[in-house]
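Step one of this worksheet: look at the structure below.
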Amino acid sequence: MAETGRVFRIALAGNPNSGKTSLFNLLTGLRQQVGNWPGVTVERKTGRLQHAGRDFEIIDLPGTYSLTPYTLEERIAREYILEQRPDVVINVVDSANLDRNLYLTVQLLEMGVDVVVALNMWDEFQRSGSRLDLERFETLLGTPAVPTEGHRGRGRQALLDAVARLLDDGSRRHRHVPVTYGAQIERHLGDLTRRLSSTAALPSALPERYVATKLLEGDPHIAAFLHNQAPTARPLLADAERLRTRIRAAAGDEPSDLIAEGRAGFVAGLLREVRSRQRFDRMEQSRNLDRILTHRWLGFPIFVLFMWLLFNATFVLGAYPRDAIEWLVGAAQAGLVGILPPGALRDLLVEGVIGGVGSVAVFLPNILLLFLGVSLLEDSGYMARSAFIMDRVMHLLGLHGKSFIPMLMGFGCSVPAIMATRTLENRRDRILTALLVPHMSCSARLPVYILIAGAFFGRQAGNVVASIYLIGIVVAVLIGRLFSRTLFRDVEAPFVMELPPYRWPTLRGLLMHMWERSRHYLKKMGGVILLASIVLWVLSNFPAPPPERSADSSPRPAVSYSVVGRLGQAIEPVIEPLGLNWRMGVTLIAGFVAKEVVVSSLAVLYETETTVAPTDDGPQPRKEDQRLPAALRDPERGISPLAAFAFMVFVLLYTPCIVAVLTIRRELGAGWMWFDVGYQLALAWLVALLIYQGGRLVGLG
10 MAETGRVFRI
20 ALAGNPNSGK
30 TSLFNLLTGL
40 RQQVGNWPGV
50 TVERKTGRLQ
60 HAGRDFEIID
70 LPGTYSLTPY
80 TLEERIAREY
90 ILEQRPDVVI
100 NVVDSANLDR
110 NLYLTVQLLE
120 MGVDVVVALN
130 MWDEFQRSGS
140 RLDLERFETL
150 LGTPAVPTEG
160 HRGRGRQALL
170 DAVARLLDDG
180 SRRHRHVPVT
190 YGAQIERHLG
200 DLTRRLSSTA
210 ALPSALPERY
220 VATKLLEGDP
230 HIAAFLHNQA
240 PTARPLLADA
250 ERLRTRIRAA
260 AGDEPSDLIA
270 EGRAGFVAGL
280 LREVRSRQRF
290 DRMEQSRNLD
300 RILTHRWLGF
310 PIFVLFMWLL
320 FNATFVLGAY
330 PRDAIEWLVG
340 AAQAGLVGIL
350 PPGALRDLLV
360 EGVIGGVGSV
370 AVFLPNILLL
380 FLGVSLLEDS
390 GYMARSAFIM
400 DRVMHLLGLH
410 GKSFIPMLMG
420 FGCSVPAIMA
430 TRTLENRRDR
440 ILTALLVPHM
450 SCSARLPVYI
460 LIAGAFFGRQ
470 AGNVVASIYL
480 IGIVVAVLIG
490 RLFSRTLFRD
500 VEAPFVMELP
510 PYRWPTLRGL
520 LMHMWERSRH
530 YLKKMGGVIL
540 LASIVLWVLS
550 NFPAPPPERS
560 ADSSPRPAVS
570 YSVVGRLGQA
580 IEPVIEPLGL
590 NWRMGVTLIA
600 GFVAKEVVVS
610 SLAVLYETET
620 TVAPTDDGPQ
630 PRKEDQRLPA
640 ALRDPERGIS
650 PLAAFAFMVF
660 VLLYTPCIVA
670 VLTIRRELGA
680 GWMWFDVGYQ
690 LALAWLVALL
700 IYQGGRLVGL
710 G
């Protein structure tokens, strides 16, 4: 029986597009934690659950096609399995693509870990007309196999039962079937295996045959591992290199290629025994759709149309719940005004806390709708096509094709997108991509766009927001072309992207993905936005003006006398050519912390002057027509529509949040960080200046 009273670690491993994330969500539900892998800036997901009287910790390893550590994901996955030795590895495979997915399975078995194969997307496999002899599959592979449908929530119980049975008696349910690589490889492999068994004390209970195989492949990580951890095995490193030279001379191929062919041959032979022939190709329907959606000339306009529909739906549909939340915020402010006595505490709560945080909270419906739409595009398989379409456009303009993958992530958040550049092969690609990622408008900027566009552009607000995103893409293309011809002149690497089949998204999967992205927005409201709103309120109210100025009935002198007012007046000459006032300048400075703070800062600054009006009966809430959008349009204190558009473009292009800036420093170094800050500030100011002054010249002011 398996040991009880402890937490069993279960690792999830699988190819990209195998449904691993859906299965992880199915197993863990909302009991998930997100962090980074030790020493690297790649997201790590873990979850806890109980089953059959045991506590399980589920670790979601990065998606990878193999465990040969060429990429960061491959290295993380292999190091975790080798060094942490999870109790069981659930290998998630796409049932309809076993030929490719089982290559990773073979590598896991060679590593000597206990594996349960999750035959995911089983419904698609059955619809394809194929059949699998499940019992014989388990016998020949030597490991339990369970059909699952992670996107439909099926197979969870059976999969966990298989894990529990393997924990109870792994020796009988797991035979670790060896792969044979032909007489020539096997002769040298057997010799190395025997010498490892007799001369080396391998750490972490590594199978000798696995280590010998990696030495013949020329795996530098295993060689370094043996050199540092098993000194008695060092003489074998030189012997393994001589054997590799001998095999290369005799066979005319690299030993690593011969070993890869052996694994592929094992998979092909296994499937011939257990899988019936497909009656039709499941990718045929996807290929038919791709003839239109990825068409050479129609693909890009269709992509732009989908983005236009997404942003307009986000704006139009989100207006109704947004108005309801805005009413609740106003009611909460009015309630506090009626309950609390006049004083700094009441003003702080009404203007700073509720006014600042509430001004960001009202855009939560828009954020949810945006992420719902993005999840729909991702789960359906279209988002991968959009990267393919944009790759073609970027190559035409001299940009690196692979850079669009992290740039696509940048529409959600710049921080993980910059982290994702570590998967690119060389430093030139990583630097160029990291510098371009911030031009992809992250979700934190969306509340700013919605506020400004809604206040100034009425029914055209959705089109205006879509145009801002398009401007970000165009600027990234132009800057990328400029940098490629000046700072980075190396030859671009080839770009190959897998296009998964189109699928019908499930409601559960859409809601789960929407929540995963939106919870970061909620955390910001209770953390950095709340703190920034309080600090900004304090700085906009203190120091208080002298008594002779306080007697002035206008609130403007009080704000002007404060720290924020003086700072705004100091920077006003810089932003005045853009058509902006000192309040807008202060909010741009506050936006260095997080872009959502721009909205809360506007609310705090304008509410300090407008939300609570002095009367004979004490401060009272202003009327509905004096809310923030109306204050922004106020001819005395607001800005013009042309300046509003320039302001949105400035928010789009200027330096990202402080966390993203620090991430660039960690990934690229301090020099590139300061370069990024400087050129983005200059670019944002210059483009906003051209928009505002150019618009005035043609009569748009």
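Basically my numbering = 1-based index in the sequence shown + 9. Beta carbons are placed, not taken as given, at the ideal position from N, Cα and C, and that holds for glycine.
Cβ-based neighbour list, residue i, same chain, cut-off 7 Å, excluding 5 preceding and 5 following
i, result
"V366", "M534, I538, L539, S542, S609"
"A86", "A22, L70, P71, T73, L76"
Residue j beta carbon less than 8 Å from that of residue i
i, j, result
"A173", "P95", "no"
"H448", "G421", "no"
"F497", "I398", "no"
"L113", "S75", "yes"
"G199", "L267", "no"
"A653", "I461", "yes"
"R140", "E282", "no"
"E226", "T430", "no"
"A697", "V658", "yes"
"L651", "G704", "yes"
"S717", "I334", "Nothing about residue 717 can be read from this structure; the chain reaches only from 10 to 710."
"G361", "P510", "no"
"I648", "L695", "no"
"S527", "F380", "yes"
"L235", "H60", "no"
"F372", "R305", "no"
"A655", "I700", "yes"
Burial state of residue i (16 or more Cβ within 10 Å)
i, result
"H522", "buried"
"W4", "As shown, the chain starts at 10 and ends at 710. That puts residue 4 outside it, with no answer to give."
"Y478", "buried"
"P586", "exposed"
"I673", "buried"
"Y685", "As written in the sequence, residue 685 is Asp, which differs from the Tyr given in the question. D685 should be labelled buried."
"A443", "buried"
"K532", "exposed"
"I301", "exposed"
"P552", "exposed"
"S395", "buried"
"A612", "buried"
"I667", "exposed"
"I348", "exposed"
"N550", "buried"
"N110", "buried"
Alpha carbon of residue i to alpha carbon of residue j, nearest angstrom
i, j, result
"A260", "P25", "33 Å"
"V607", "T515", "35 Å"
"W591", "V602", "18 Å"
"W513", "L520", "14 Å"
"Q670", "R437", "Checking the sequence, you will find Val at residue 670 rather than Gln. Each residue's alpha carbon lies about 19 Å from the other."
"T37", "A171", "17 Å"
"V369", "P665", "18 Å"
"D299", "V126", "31 Å"
"E581", "Q294", "58 Å"
"V122", "K223", "16 Å"
"P153", "G463", "57 Å"
"G28", "R439", "28 Å"
"L487", "L637", "35 Å"
"L252", "T80", "26 Å"
"T596", "L455", "15 Å"
"G23", "R218", "23 Å"
"S423", "M682", "14 Å"
"Q469", "L576", "34 Å"
"S571", "M593", "16 Å"
"T73", "V101", "11 Å"
"L337", "R163", "40 Å"
"K604", "V313", "25 Å"
Cβ shell of residue i (< 6 Å), same chain only, five flanking positions each side left out
i, result
"D69", "L21, F33, K54"
"P216", "G121"
"A232", "L246"
"Q689", "Y663, T664"
Min CB distance residue i to chain D below 8 Å
i, result
"G577", "Among the chains in the structure shown there is no chain D, since it carries only a single protein chain."
Contacts around residue i, its chain only, beta-carbon distance under 8 Å, and the 5 residues preceding and following it disregarded
i, result
"R272", "Y112, V115, Q116, V188"
"L149", "V186, L279, E282, V283"
The segment 465-480 contacting the segment 320-337, beta-carbon criterion three pairs below 8 Å: yes
Are the segment 119-139 and the segment 154-166 touching by the rule of at least three beta carbon pairs closer than 8 Å? yes
Would you say the segment 103-118 touches the segment 236-247, given that touching needs at least three Cβ pairs under 8 Å? no
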